[in-house]
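Some notes on the structure that comes next.
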Amino acid sequence: MRLLITTQKVDKDDDVLGFFHCWVEKIAQRFDFVTVVCLEKGNYSLPDNIKVISLGKEDAPVGRFAYAWRFLKIAIKEKNNYDAVFSHMNPEYICVAGPLWKMWGKKIAIWYNHKIGSWAAKKAFAMADKVFYTSPYAFAASYKQAQIMPVGVDVAKFANNTSFTNQKRILSLGRISPVKNVDVLVKACQILDEEAYDFSCHIYGDAPERDKEYYKRVRSMAKMLEKKEKIFFYHAVSNEEAAQVYGDYDLFVNMTPSGSFDKTIIEAMAAARLILICNKSLGDWLPDKFLFQDGNAKDLADKIREVFSLENKNDYQEKFIEYASSKHSLDSLVDKLSEFYNAKK
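In terms of numbering that gives the first Met the number 0, the sequence shown is residues 0 to 344.
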């Protein structure tokens, strides 16, 4: 079986999409040949049975229609080199070439895990044989051909330091955007500081250009706490570097609401960190003490104190590692992908 993968970026050093480099590498172990078409490429090192074709954004950005035309030409030129298609998060690829793929009998699947579906997603879903998602609250979950999937974390990469620092250091890691609700964490830290609680909060991440104003607002909110050395901001780190960062903190906090399922939650669990989230995607499995009310800074502050005061932290470490390994490993994800593509249509 030969697979065409479409994605936004192939770059193992990228802070947001660097993980996909490992995905491609693992997927290729189960397929004869993999062709990856991306909007942009950076630093990558992949096996010989993988070919990466970029639409050229890294050289000179062009308009959307120019990219669509470039991709269509590639899809046609390479049509005898792939039997099926896996589109990762970008339904536009299917909108452009989907009719041809259907005509040629190519099996089509898309990975889409947003809470709200775009017009492009709806159009792509209509042509897809399978729609993969990870959160039961995702837009894709209601489609008849939808299949829930593991988040896809290389668990072994993150399980490198399971000891606690026993310091009240909070970690937030990911891009700084309104959907990530980083401002809620800053407000919670303000509450903790007003109560003279001893802590420090460390926020790793950059903002995309469209969210620069939000980033400025967050930094402005945190200004006094930065002066007090209660909050620290750091530039984004690659997925490889993140594996080391988790081990420096005892508590990982994620403020993204249900609907998406940030892989950083599972990475933190694989790294044996305690977590605090408002995302209900883990269902009843996660004890209430590790859940706070979406958007509620006071509840988040209360839960931070509660989690840091736990006496049986090590018990939860083992449970979190087991959950990440058994439910959301990259190996499990690749197994399910292989099963789908090798099944008869």
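Beta carbons: idealized from backbone N, C-alpha and C, even for Gly. Every value quoted in this text rests on a predicted model; they were computed, and no experiment measured them.
Does I320 get closer than 8 Å to chain B when you measure Cβ to Cβ?
Considering every chain present, this structure includes no chain B. It has just one protein chain.
Exposed or buried, what is F157 when buried is set at 16 or more other beta-carbons lying within 10 Å of its beta-carbon?
Counted from its first residue, the sequence shown places residue 157 at position 158. Buried, since its Cβ has 16 or more Cβ neighbours within 10 Å.
Just grab the DSSP bridge partners of R168 for me.
Taking the sequence shown and counting its residues from 1, the one referred to as residue 168 is at position 169. Looking at the DSSP assignment, R168 forms a beta bridge with S199.
Taking A137 as part of the alpha helix (DSSP H), name the residues at either end of that continuous run.
As a working mapping, residue 137 is identified with position 138 in the sequence shown. Segment: none, A137 is in no alpha helix (DSSP H) and carries neither H nor E.
Does the stretch 113 to 128 come within contact of the stretch 225 to 237, defined as at least 3 CB pairs closer than 8 Å?
No: fewer than three Cβ pairs fall under 8 Å.
Nearest-angstrom Cα distance between L45 and K318?
In the sequence shown, residue 45 corresponds to position 46, counting from 1. In the sequence shown, residue 318 corresponds to position 319, counting from 1. Computed Cα separation, rounded: 33 Å.
Closer than 8 Å is the cut-off here; do at least three beta carbon pairs connect the stretch 153 to 172 with the stretch 213 to 223?
Taking 8 Å as the limit for Cβ pairs, the verdict is that the stretch 213 to 223 does not touch the stretch 153 to 172.
V252: buried (16+ other C-beta within 10 angstroms of its C-beta) or exposed?
On the sequence shown, residue 252 is found 253 positions in, with the first residue counted as 1. Per the 10 Å Cβ criterion, buried.
Reducing DSSP to helix, strand and coil, say where Y233 ends up.
Taking the sequence shown and counting its residues from 1, one reaches residue 233 at position 234. Reduced to three states, the DSSP call for Y233 is strand.
Quick one: Cα of K343 to Cα of Y322, how far?
Along the sequence shown, one-based indexing puts residue 343 at 344. Along the sequence shown, one-based indexing puts residue 322 at 323. One C-alpha to the other measures close to 31 Å.
Starting from the C-beta of S181, find all residues in its chain whose C-beta is less than 6 Å away, skip the five residues before and the five after it, and write them out in chain order.
On the sequence shown, position 182 is the one that residue 181 refers to. Here residue 181 is Val; the residue named in the question, Ser, does not match the sequence. Contacts found: I175 and V217.
Quick test of the definition: if touching needs 3 or more C-beta pairs under 8 Å, does the stretch 158 to 165 touch the stretch 124 to 131?
In short, these stretches do not touch, since the Cβ pair count stays below three.
Is DSSP giving K226 helix, strand or coil here?
Here residue 226 is taken as the residue at index 227 of the sequence shown, counted from 1. DSSP places K226 in helix when its eight states are reduced to three.
When the Cα atoms are used, what is the spatial distance from G282 to D293?
As a position in the sequence shown, residue 282 is number 283, starting the count at 1. As a position in the sequence shown, residue 293 is number 294, starting the count at 1. The straight-line gap from Cα to Cα measures roughly 15 Å.
Identify which residue in Q144, M223 and M254 has its Cα closest to the Cα of L184.
Residue mapping note: residue 184 aligns to position 185 of the sequence shown, counting from 1. Closest option to L184, Cα to Cα, is M254.
What separation, rounded to the nearest whole angstrom, lies between the Cα atoms of R209 and D58?
Here residue 209 is taken as the residue at index 210 of the sequence shown, counted from 1. Here residue 58 is taken as the residue at index 59 of the sequence shown, counted from 1. Computed Cα separation, rounded: 21 Å.
Label D13 either buried or exposed according to how many other C-beta atoms from any shown protein chain fall within 10 Å of its C-beta, with 16 as the threshold for buried.
By 1-based counting over the sequence shown, the position of residue 13 is 14. Burial call: buried.
Going by DSSP, what residue range makes up the beta strand (DSSP E) through C37?
Working through the sequence shown from its first residue, we reach residue 37 at position 38. Counting along the chain, the beta strand (DSSP E) containing C37 begins and ends at F32 to K40.
What's the gap between the Cα of N89 and the Cα of S117?
Working through the sequence shown from its first residue, we reach residue 89 at position 90. Working through the sequence shown from its first residue, we reach residue 117 at position 118. The alpha-carbon atoms of N89 and S117 are separated by roughly 10 Å.
Quick check: the Cα distance between K179 and N295, rounded to an integer number of angstroms?
Stepping through the sequence shown from its first residue, residue 179 is reached at position 180. Stepping through the sequence shown from its first residue, residue 295 is reached at position 296. Rounded to whole angstroms, K179 to N295 spans 13 Å at the Cα level.
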